[in-house]
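The numbering of the sequence shown is our numbering, which starts it at 9 and goes up by one. Cβ coordinates follow ideal geometry from the N, Cα and C atoms, glycine included.
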Amino acid sequence: MLPLAAQLRPQSLDDFIGQEHLVGPDKPLRKVIEEGKIFSMLFWGPPGVGKTTLARMIAHQQHRDFFEVSAVAAGKADIKAIIDQATAQQQSLMSTYTAPILFIDEIHRFNKAQQDYLLPYVENGTIVLIGATTENPSFEVISALLSRSRVFVLKALTEPELNLIIDRAMALVSQGKKPTVSKQTREFLIQYANGDARRLLTILDNTLELYGTLSLANLKAALESTSLRYDKSADEHYDTISSYLKSMRASNTDAALYYLARMVEAGEDPKFIARRMVIFASEDVGLAQPTALVVANAVFDAVQNVGYPEAQINLAHGTAYLSQAKKDRSAYDAYFAALDDVKKHGNLPIPLHLRNAPTKLMKELGYGKGYEMYPDPKESLLPEKLKGKIYLKKR
Numbered sequence: 009m010l011p012l013a014a015q016l017r018p019q020s021l022d023d024f025i026g027q028e029h030l031v032g033p034d035k036p037l038r039k040v041i042e043e044g045k046i047f048s049m050l051f052w053g054p055p056g057v058g059k060t061t062l063a064r065m066i067a068h069q070q071h072r073d074f075f076e077v078s079a080v081a082a083g084k085a086d087i088k089a090i091i092d093q094a095t096a097q098q099q100s101l102m103s104t105y106t107a108p109i110l111f112i113d114e115i116h117r118f119n120k121a122q123q124d125y126l127l128p129y130v131e132n133g134t135i136v137l138i139g140a141t142t143e144n145p146s147f148e149v150i151s152a153l154l155s156r157s158r159v160f161v162l163k164a165l166t167e168p169e170l171n172l173i174i175d176r177a178m179a180l181v182s183q184g185k186k187p188t189v190s191k192q193t194r195e196f197l198i199q200y201a202n203g204d205a206r207r208l209l210t211i212l213d214n215t216l217e218l219y220g221t222l223s224l225a226n227l228k229a230a231l232e233s234t235s236l237r238y239d240k241s242a243d244e245h246y247d248t249i250s251s252y253l254k255s256m257r258a259s260n261t262d263a264a265l266y267y268l269a270r271m272v273e274a275g276e277d278p279k280f281i282a283r284r285m286v287i288f289a290s291e292d293v294g295l296a297q298p299t300a301l302v303v304a305n306a307v308f309d310a311v312q313n314v315g316y317p318e319a320q321i322n323l324a325h326g327t328a329y330l331s332q333a334k335k336d337r338s339a340y341d342a343y344f345a346a347l348d349d350v351k352k353h354g355n356l357p358i359p360l361h362l363r364n365a366p367t368k369l370m371k372e373l374g375y376g377k378g379y380e381m382y383p384d385p386k387e388s389l390l391p392e393k394l395k396g397k398i399y400l401k402k403r
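Pasting the structure below:
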């Protein structure tokens, strides 16, 4: 029997749950699917939110051939075979040619050469590329390919959306009987899923397979009996990096090195780890030890230049340094406090004496009047409504 996630995979937008900002009435992906519009695109979002499903829907609705590959397992030869087939059809059909959709899951796993290979065939219309990624495409997809694609950002599923998926799953397995799921069981499932429908359906499926009925006790027992594997595109990936960062934040070097070793042994992309270190250096170490950002950037450069297996030494060096560094989140907190005011108040008028005065009219209006090169540090330079506001607390 097919896994529950496969049985419940929606075939139309009417059955699709989530991503209302993309597939709701008059939203961009609904227009793509319903009006037959097509272009190369990238779906960026966490696992289990519908990236593959949407790609399949587009292909089905537009009656296009659909080739699906995973960048984790596929190589250039696999892509070449698909493109050769499409090229032959393009040359024989000419004006009646309909480009197939090439869907590449985890496209950020392709290196620069593999991504470069796709470019001419995307440009000349041999294929329509749809890539799915859990990583920021600005960092992992080459700029030339990025500029030829439209990026759609998908969001983690909300609690009401996950509840709806639970209802559909239970209706399917109950075979017409009215299923009941306790409040505690729902809460556990939703918390465990963490916005990921596939994760929710997998543990639900495993529980029913092992115990026949769904209960909180059976869910917990199924989790204990499930063999955890490090899947770089699923939950173990996020759980491990989370544990790694939290261990460094707690200055627990031993734990941080352990979680680093787990990621390295599983073949995690060293750039993924190093990028998190760069963020951590500013977010968590911050002003307490400014050289942490220098070290983290040096580690990032090293793993790019060296690669595995030697890069694990650079990662260990950086991990130990960041773990033992003093921590100070004041710059991080101050910035987001300022950002909250920007969102709350909008573009408040900038004090006149701080404004640039390149024209005579601006000078007559008071722009730049009274500005001093080195004003009193205690003077507030904020807009009038925020005058005296302090974001960065004194250390």
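- In this structure, T95 and R72 do not form a Cβ contact; the two beta carbons are roughly 16 Å apart against a cut-off of 8 Å.
- The residues R257, S259, D292, V293, G294, A296, in chain order, have a CB closer than 8 Å to that of K335 in the same chain once the five nearest residues on each side in sequence are set aside.
- For R158, the enclosing beta strand (DSSP E) stretches over residues 158–161.
- A residue is called buried when at least 16 other Cβ atoms come within 10 angstroms of its Cβ; V149 meets this threshold and is buried.
- The Cβ-Cβ distance between D349 and L394 falls below 8 Å.
- In this structure, the beta-carbon distance from T134 to Q93 does not fall below 8 Å.
- With fewer than 16 other CB atoms across the displayed protein chains lying within 10 angstroms of its CB, E217 is exposed.
- If you ignore the 5 residues before and after A179, its C-beta comes within less than 8 Å of the C-beta of P187, all in its own chain and listed in chain order.
- Here the alpha carbon of L197 sits roughly 53 Å from the alpha carbon of K386.
- In this structure, DSSP gives I46 a state outside helix and strand, which the three-state scheme calls coil.
- With respect to the C-alpha of V189, the residue from A345, S331, N171 having the closest C-alpha is N171.
- In the structure shown, the three-state DSSP call for V80 is coil.
- Of the candidates S182, A164, I138, D22, the residue whose Cα lies closest to the Cα of S78 is I138.
- Residue state for F118 is assigned as coil, using DSSP reduced to three classes.
- By the Cβ-count criterion, Q123 is buried, with 16 or more other Cβ atoms from all chains shown falling within 10 Å of its own Cβ.
- In the displayed model, F111 falls within a strand according to three-state DSSP.
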